[in-house]
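Down below is the structure, laid out as structure tokens.
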Amino acid sequence: MKNAVQHIRAFLTVAQTGSFARAAALLHLSPSALTVQVQQLEEWLGVTLLERSPRQVSLTGAGQQARGPMEKLLLDLDNIVSGSRDLASLQRGVVTLAALPSICSGALPPVLKQFRQAYPGIEIRLRDVVAQRIDSLVRENEVDFGLGVRARLSHGLDFEVVMVDRLCLFLPDEHPLTRKTTLDLADLSGQPMILTGRDSSVRERVEQLFDEQGLTLVPGLEANYMSTVLALVRQGLGMALLPESADDGLGGLQKRPVAHPGVSREIGLISRSGQPLSPAATRFVALLRERLAPT
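1 is the number of the first residue of the sequence shown in full-length UniProt numbering; add one for each residue after it.
Rendered as structure tokens:
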């Protein structure tokens with residue numbers, strides 16, 4: 001039945017006021033229009049809801065049984081409308097994302113801070129995972145979107161570049177290579193390197209760079225977290241190629257650029273093809289594009 005909510009509201013207003021005239025005034029309807037709406041509802045339900053007399057209006061047995069469920073129906077509908085408007089206006093909601101650990105420790109926190117300040121009612125759920133997991137989390141609908149590398153993508157996912165992540169060399173303060181302001185990959189050949197874990201996209205890119213140039217990669221130590229890698233570098237146990245953003249500012253090491261185009265890698269937004277994001281996730285992605293846009 002068309003306009004079912006309007007007809008239910010008409011019946012409930014009559015039931016609450018006990019008068020077609022008072023109910024019509026509250027609903028800004030003529031008494032005849034209100035009568036038609038109640039009659040149409042009764043015809044649709046196949047029962048008489050109201051007993052009418054010249055002096056009063058009362059509920060029938062069927063009307064008494066229907067009143068409670070109808071009131072609950074309108075209350076639930078009002079809550080749905082109110083909640084949806086809150087979501088659309090970014091008053092509340094949840095954004096879930098998966099991102100590379102290097103992004104989570106570097107470029108992402110300032111974006112999260114700005115978003116939280118602008119939209120305090122929206123909850124952010126962040127999963128820092130290695131590259132192999134990001135696309136599966138997105139595809140399985142466990143997160144709204146991911147921030148990762150293009151090489152991991154497969155069918156059903158879209159990739160949009162949002163930033164360029166540049167690797168640079170971290171060295172102990174007393175290392176001989178600190179005398180040079182810019183280094184070539186060849187300068188690193190045969191030198192002990194501290195590497196991230198084997199499931200890390202940074203580790204994969206470093207190995208790929210050495211292999212492409214026919215250089216000798218000498219693994220020194222291996223650690224899962226970049227903070228651990230930097231601590232090992234500070235102790236003079238080797239040097240490391242890491243994203244520039246990995247610099248924790250604690251001192252005890254030096255950072256040098258490496259003159260090779262391959263040390264830059266594209267980091268992109270990974271999303272499900274053809275599936276729109278929620279209003280909250282859409283706004284977060286817009287902020288990502290604004291803050292992390294490649295220069």
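Every residue, glycine too, gets a C-beta built ideally from N, C-alpha and C.
Simplified DSSP state of residue i, which is helix, strand or coil
| i | result |
| --- | --- |
| residue 291 | helix |
| residue 58 | strand |
| residue 74 | helix |
| residue 208 | helix |
| residue 147 | strand |
| residue 111 | helix |
| residue 43 | helix |
Pick from the options that is closest to residue i, judged by C-alpha positions
| i | options | result |
| --- | --- | --- |
| residue 137 | 216, 14, 270 | 270 |
| residue 58 | 121, 15, 72 | 15 |
| residue 75 | 43, 12, 49, 42 | 12 |
| residue 130 | 225, 292, 46, 246 | 225 |
| residue 203 | 235, 182, 167, 214 | 167 |
| residue 254 | 30, 244, 35 | 244 |
CB contact check: residue i to chain B, cutoff 9 Å
| i | result |
| --- | --- |
| residue 205 | No chain B appears in the structure shown, which is made up of a single protein chain. |
Rounded straight-line distance, which links the Cα of residue j to that of residue i
| i | j | result |
| --- | --- | --- |
| residue 231 | residue 161 | 31 Å |
| residue 146 | residue 97 | 5 Å |
| residue 51 | residue 64 | 11 Å |
| residue 109 | residue 260 | 28 Å |
| residue 198 | residue 140 | 24 Å |
| residue 252 | residue 170 | 10 Å |
| residue 41 | residue 6 | 10 Å |
Residue range of the alpha helix (DSSP H) that includes residue i
| i | result |
| --- | --- |
| residue 259 | Note, residue 259: premise wrong, no alpha helix (DSSP H); not H, not E. |
| residue 135 | 131–139 |
| residue 9 | 4–17 |
| residue 166 | Looking at the DSSP string, residue 166 is not in any alpha helix (DSSP H); the run it does join, the beta strand (DSSP E), is 157–172. |
| residue 177 | Per DSSP, residue 177 belongs to no alpha helix (DSSP H) and is neither H nor E. |
Host beta strand (DSSP E) of residue i (start-end)
| i | result |
| --- | --- |
| residue 223 | 218–223 |
| residue 196 | 192–196 |
7 Å CB neighbourhood of residue i in its chain, flanking five on each side removed
| i | result |
| --- | --- |
| residue 221 | 194, 232, 237, 238 |
| residue 56 | 18 |
Proximal residues to residue i (C-beta, below 8 Å), its chain only, five neighbours per side dropped
| i | result |
| --- | --- |
| residue 273 | 156, 157, 158 |
Nonlocal neighbours in the same chain, by C-beta distance under 6 Å from residue i, ignoring five residues either side
| i | result |
| --- | --- |
| residue 313 | Because residue 313 is not part of the residues shown, which for the chain are 1 to 295, the question remains open. |
| residue 8 | 70 |
| residue 216 | 189, 190 |
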